[in-house]
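Positions 1 to 110 (my numbering) are the ones given, in order, by the sequence shown.
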Amino acid sequence: MLPHPSTEEINLATVLAVLGDPTRLAILGDLARQDGKPLTCSHFTDLTSKSNLTYHLAKMREAGIVRVEPRGTSRFITLRHADLNTRFPGLLDSIIATAITLPPPEKAAE
1 MLPHPSTEEI NLATVLAVLG DPTRLAILGD LARQDGKPLT CSHFTDLTSK SNLTYHLAKM
61 REAGIVRVEP RGTSRFITLR HADLNTRFPG LLDSIIATAI TLPPPEKAAE
């Protein structure tokens, strides 16, 4: 099981810093469009390389933005919408409203 911060441990400055990255903002937008449905890591490979994706998802997990659940050889990613709304009411919805309108970042050459 991967470590995730509790709802009370989620820090506003950390959440905002992590979501300041265009790739992470695009991941957030994709997750928000799924309405709670878990996505595998492979869903996001059009945004960045696998190694960069691992880094970005770890940052988002450590900040308390996503939950990453290993199942067999896959990892399923879900947005911690309820936890973030409990901690910072309305903040995530404002960020999501912007994130889903942004074009995805261009994938860097590998």
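Beta carbons are placed, not taken as given, at the ideal position from N, Cα and C, and that holds for glycine.
Quantities reported herein were computed from a predicted structural model and do not represent experimental measurements.
What are the partner residues of Thr78, as DSSP defines its beta bridges?
-> Here residue 78 refers to the residue found at position 78 of the sequence shown. Answer is Arg67.
What's the call for Thr48, buried or exposed, on a 16-neighbour Cβ count within 10 Å?
-> As a first step, residue 48 is located in the sequence shown; it is residue number 48 there, counting from the start. Looking at its Cβ environment, which holds 16 or more other Cβ atoms inside 10 Å, Thr48 is buried.
What do you reckon, are the CB atoms on Ala99 and Ala32 nearer than 8 Å?
-> If you number the sequence shown from 1, residue 99 lands on position 99. If you number the sequence shown from 1, residue 32 lands on position 32. Between Ala99 and Ala32, the CB-CB gap stays under 8 Å.
Which residues in the same chain have their Cβ closer than 7 Å to the Cβ of Val18, if we skip the five residues on either side of it in sequence?
-> Taking the sequence shown and counting its residues from 1, the one referred to as residue 18 is at position 18. Around Val18: Arg24, Lys59, Met60, Ala63, Ile65.
Would you kindly report the start and end of the unbroken alpha helix (DSSP H) that includes Thr14?
-> Position 14 of the sequence shown, counted from the first residue, corresponds to residue 14. Segment 12-18, the alpha helix (DSSP H) holding Thr14.
Have a look at Leu92 and Leu79 and give me their C-alpha separation to the nearest angstrom.
-> For the purposes of this step, residue 92 is taken as the residue at position 92 of the sequence shown. For the purposes of this step, residue 79 is taken as the residue at position 79 of the sequence shown. Going by the C-alpha atoms only, they are around 10 Å apart.
Residues bridged to Thr40 [DSSP beta-bridge criterion] = Along the sequence shown, one-based indexing puts residue 40 at 40. Beta-bridge pairing links Thr40 to Phe76.
In whole angstroms, what is the alpha-carbon distance linking Phe76 and Phe44?
-> If you number the sequence shown from 1, residue 76 lands on position 76. If you number the sequence shown from 1, residue 44 lands on position 44. Their Cα atoms are separated by approximately 11 Å.
Just reading off the alpha helix (DSSP H) that Gly29 is part of, what are its end residues?
-> Taking the first residue of the sequence shown as 1, we reach residue 29 at position 29. It spans 22-33 - the alpha helix (DSSP H) in which Gly29 sits, taken as one unbroken run.
Going by alpha carbons, who is nearest to Ser36 out of Arg67, Lys50, Leu12, Gly20?
-> Counted from its first residue, the sequence shown places residue 36 at position 36. In the sequence as displayed, the identity of residue 36 is Gly instead of Ser. Cα-wise, what sits closest to Gly36 is Arg67.
Residue range of the alpha helix (DSSP H) that Thr98 falls in?
-> As a first step, residue 98 must be located in the sequence shown, where it is residue number 98. Unbroken alpha helix (DSSP H) run through Thr98: 91-99.
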